[in-house]
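Under my numbering, the residue at position 494 of the sequence shown is numbered 1198, and the numbers go up by one with no gaps. Cβ atoms here follow ideal geometry from the backbone N, Cα and C, with glycine treated the same way. All of these numbers come straight from a predicted model, not from anything done at the bench.
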Amino acid sequence: MKPELNHQPKQQNNKVNQPFIQAKNTGAFFGATAKPIQKKEDKNSEINSENKLSENNIQLKSSGGDGVEDNNPYNSSAPLVGLNQAPIQGFGLSNLFGKGKNGVQDALNMRDNEKELDLQEDIKNFKSQKYGPITYTRDGISGSGFETYYVPNKDLLNVEVRSKVRFADGLVNEGGTISSPNYFMNQGRLLTTLNAYPDLANQVLPYFQWNSDEKQIHLIRFKDNIQASASVWQDTGMSFQVNEIGWENVKAKPRIDLKIAEGEAINAKKNYGPFGILTKPDKEGSDHLQIEVVKKISHADARTVNTLIQNYLNAAIPGTDPISNVKRHHLTPNYSSLRGVRSYLGNNPDKKNRSKSEGHNNFMSLESDRSDNPVTQTFNHKVLFENGASTISSSAQTDLDNFFSNPSILLKNPNGTVKVALHGYASAPGSTASNTQIVQQRLTAVADAINQKMDGSSLNIKQYVNPSTQTNNSDSAAEADLASNPAHNPADFRRVDIKIEQSGRGGQNVLAHEFGHVFGLGDEYAEVGSGYNRPAGSAAHHDQLAKDAGIPGGAVVRNDSRMMSTGNDVKPAHYSTFAETLKQLTSKKWKIVP
């Protein structure tokens, strides 16, 4: 969760071998776009055409080329208006005579309700424009930067972040020197010890390096977390309103568009000057962010490595004299340092001026066990049986195979297990004893099929369905429904229900927190020491912006459930930088509507 760090580690060029989604174009993006709820369906709206969202307000998108989807309401003949580019109202014959019987009075400002009519015309003209896009950054928030535009006739503020993601080992060996791509992992005694004893380093390094199965698992979870992050930032019910008298009906709702693909971030250049011999950054053609997911070892692996190091040092530094003991003490790393990877955001470490935000060329380091989806997910399926049968039919087996084709179902949890529960039922005809027996046979058939599926998984899941996870409901549910439901269908009760639970890690959605820094927000959790001076009760970095956007309390540092503190709640103050982008785009004052 540590953002705004100007001492960045050296980036590793560890690419993932497989794309997030299969697409015809190798540069395909998957993105998570959370779209504002429209008051009215507009058949001609760019938003309501190919950019329809699913029920959870999230859509995965793919496109060719560099992956920047051409889903922009700006693709029209309407003029673009940016900062300090308000449309100019000319005066001519059309102004004088082109407005009917009030044309002369209008031109000479002689109408009875002149101010009201002028205001209406100003608002009409304002809403006919499209503002942006611009790249928004904030000095002092290292790594901030996103692209935004505003379409007033759709009440739309689009917030887009283009990013690439790659994987990096927690520890790497570069020419015989052990180091880490994560700033925090480079602190403490661990690297000193491993560099002093190469044989020990060779034994320890595999625990800090990705294998193919782990990458596959984390790619799936990372995709889920992008969806969750987009939703948590948009699905707040909050919006914006022009904070000027008479302009209260001019509003905006945010659409958070996170476009993330596998690979290396693009930092494009464009030519300018005489004969185009000079170059400068091409912000529109560049990615805003490079995400690097760094392998953080599990608690169990950390205990194993800790024991391994202690045993090695005891053998390498024999004796009980004080000098040996002191040497061993200074070479034995703290247990916490073995899991020392922490998340942060900053400018690209290859840049000399790391404190100045550019809007692109930014870098996010994520600890692997904090970048997946913290929410527990459940997956449900019904296996239907023929009357009196306990063997899975070919059609039911096909349905079961399709269910298990979702790779999220077979994810390996930190403890190596998933929770599988089976609930069996029988239809009402027949005795309870015989129905109980046939339900048990059906439960066994489904359990065997699931165990076989998990046994063949490349993800090494070792949790098998056992009797303690099964419930035999016999014909009780069917008989109860038969007594009260005239439309009772016996076939509905010849089934086994499967419920698979994939436990989330809980806690804060760190990816969503770090995206708050990309949006230009500072931390709100208290931290003092080690170069940080953010005591509880002090003003957060975006405090004044929050007040400017109509939040009386501003943004105060304290540990609580807020997203930029230690929780997952996006509060009004967290929309303050979005309000600031609207001000830059339109030269109007805006306030946040909770």
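Leaving aside the five residues before and after residue i along the sequence, list all residues of the same chain whose C-beta is less than 6 Å from its C-beta, in chain order.
i	result
residue 743	Low confidence applies to residue 743: its pLDDT is 44, below 50, so where it sits in the model is not reliable, and the reading given next is rough at best. Here the set comprises nothing.
residue 888	1044 and 1046
residue 1080	1207 and 1208
residue 1131	1182, 1194, 1197 and 1198
residue 1107	1085
residue 1125	1173 and 1203
residue 1277	1250, 1255 and 1259
residue 857	831
Classify residue i as helix, strand or coil using the three-state DSSP reduction.
i	result
residue 883	strand
residue 823	helix
residue 841	coil
residue 1078	coil
residue 1101	helix
residue 1220	helix
residue 1295	strand
residue 1067	strand
residue 1246	coil
residue 1197	helix
residue 944	strand
residue 1095	coil
residue 901	coil
residue 893	coil
residue 1266	strand
residue 846	coil
residue 1062	coil
residue 1113	helix
residue 1033	helix
residue 1156	helix
residue 1213	coil
residue 1255	coil
In the DSSP assignment, find the alpha helix (DSSP H) that holds residue i and state where it starts and stops.
i	result
residue 1010	1003-1020
residue 1024	Here residue 1024 belongs to no alpha helix (DSSP H), and DSSP marks it neither H nor E.
residue 952	Segment: none, residue 952 is in no alpha helix (DSSP H) and carries neither H nor E.
residue 877	Not the alpha helix (DSSP H): residue 877 falls in the beta strand (DSSP E), residues 876-878.
residue 938	916-938
residue 911	From DSSP, residue 911 is part of no alpha helix (DSSP H); its letter is neither H nor E.
residue 1073	Run containing residue 1073: none; DSSP gives neither H nor E here.
residue 1135	Element bounds for residue 1135: n/a, residue is neither H nor E.
residue 1186	1180-1188
residue 1042	1039-1042
For residue i, which residues does DSSP report across the bridge?
i	result
residue 1083	1204
residue 984	974
residue 965	868
residue 1238	1231
residue 994	868 and 1067
residue 736	962
residue 1175	1127
residue 1260	1243
residue 1049	1068
residue 1149	Residue 1149 is not bridged to any residue.
residue 957	860
residue 1088	1199
CB-CB under 7 Å to residue i, same chain, minus the five flanking residues each way: which ones, in chain order?
i	result
residue 894	1037, 1041 and 1042
residue 1287	1293 and 1294
residue 687	In this structure the chain extends from 705 to 1298, so residue 687 is not present and cannot be described.
residue 1095	1149
I'd like the span of the beta strand (DSSP E) that includes residue i, first residue to last.
i	result
residue 868	860-872
residue 1282	First-last for residue 1282: 1280-1290, but that is the alpha helix (DSSP H), not the beta strand (DSSP E).
residue 1274	No beta strand (DSSP E) holds residue 1274; DSSP gives it neither H nor E.
Which same chain residues, not among the five before or five after residue i, have their C-beta less than 8 Å away from its C-beta?
i	result
residue 1176	1128, 1140, 1143, 1144 and 1147
residue 1028	1021 and 1022
residue 1219	865, 933, 937 and 962
residue 1100	1087, 1088 and 1089
residue 983	973, 974, 975 and 976
State yes or no: is the beta carbon of residue i nearer than 9 Å to at least one beta carbon in chain C?
i	result
residue 1137	This model lacks chain C altogether, as it is built from one protein chain only.
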